[in-house]
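Residue numbers (my numbering), protein chains in the order written: chain A, 85 to 197; chain B, 634 to 746. Just so you know, even glycine gets a beta-carbon here, dropped at the ideal spot from N, CA and C.
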């Protein structure tokens, strides 16, 4: 049972345009969400996070939007750059003291020059 | 500051054998989590250790075990290896248990033949 889903395994975007990566979750108890980026042969690196009390968090070219009623979050990258080509994972945090992270299956983003 | 290191980086084992993977967290970090990454399954949480104690465990069989030492270094052991255990095993460290940002190592690529 995949509690965090990234339904698009891959996405191609032209350089300079907006990249939108989507993530859906099923557990309404999730209270913290994160995005990680992963290059080949490297571990994932933290990108941006958002608490369930917010609906938007921005960091430079990266913005994460959270729609709690739809149990949906998205990562916007504007403008997209070739160096953004990587696999992006969304993750959700389970509260009540356990703080384990549940990751989605990832979306491979390819930014075309 | 040195990042998270994992050894070995690559490993080939045969079915039925056992394997031990090692993770050294960032200096000062006390929490270590382990994840398994397989194609199509994303990162699946194995367990988290903090101050030598297992705080949380994912849905993996008892063949998967771990421990943490007083210097926060952690080891993960898999006994009676199965072909399906072939995966990238990632270790992540954070300052304290439950801290939002986890720093990942490059992973150990385990192949079971």
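Beta-ladder partner(s) of residue 148/A, from DSSP: 141/A and 159/A
Here's the rule: buried if 16 or more other CB atoms are within 10 angstroms of the residue's CB, otherwise exposed. What is residue 716/B?
exposed
Environment of residue 736/B [buried if 16+ CB atoms lie within 10 Å] = buried
- Quick one: does residue 146/A have its CB under 9 Å from some CB of chain B? no
Quick check on residue 115/A: does DSSP put it in helix, strand or coil? coil
The beta strand (DSSP E) enclosing residue 681/B, as first and last residue numbers = 675-683
| request: For residue 130/A, go through chain B and note every residue whose CB falls closer than 8 Å to its CB, in chain order. | output: 734, 735 and 736
Q) Beta carbon of residue 94/A, beta carbon of residue 192/A: below 9 Å? A) yes
Taking the straight line between their C-alpha atoms, what separation do you get for residue 647/B and residue 711/B? 12 Å
(Q) When you compare the CB of residue 650/B with every CB in chain A, is at least one pair closer than 9 Å? (A) No, because no Cβ of chain A sits closer than 9 Å to the Cβ of residue 650/B.
message = Just to confirm the assignment, what range does the beta strand (DSSP E) spanning residue 718/B have?
response = Segment: none, residue 718/B is in no beta strand (DSSP E) and carries neither H nor E.
*Counting only the same chain and skipping the five closest in sequence on each side, list residues whose C-beta sits under 8 Å from that of residue 644/B.*
652, 654, 741, 742, 743 and 744
Open item on the list: By alpha-carbon positions, which one of 724/B, 727/B and 718/B ends up nearest to residue 746/B?
Closed with: 718/B
Review point. With a cut-off of 9 Å, does the C-beta of residue 739/B fall near any C-beta of chain A?
Key: yes
Given this structure, state the Cα-to-Cα distance separating residue 173/A from residue 739/B, to the nearest angstrom.
15 Å
Residue 714/B beta carbon less than 9 Å from that of residue 639/B | With contacts defined as CB atoms closer than 9 Å, residue 639/B and residue 714/B fail to qualify as a contacting pair.
Fill in: Residues bridged to residue 135/A (per DSSP)
116/A
So, is the C-beta of residue 701/B closer than 9 Å to a C-beta in chain A? no
Point to revise | Straight-line gap, residue 149/A to residue 139/A (C-alpha atoms, nearest Å) | key: 6 Å
Checklist entry - Roughly how many angstroms lie between the CA atoms of residue 726/B and residue 684/B, to the nearest whole one? => result 12 Å
Practice task
Please name the residue, chosen from 668/B, 699/B and 693/B, that lies closest to residue 721/B on a Cα-to-Cα basis.
Solution key: 668/B
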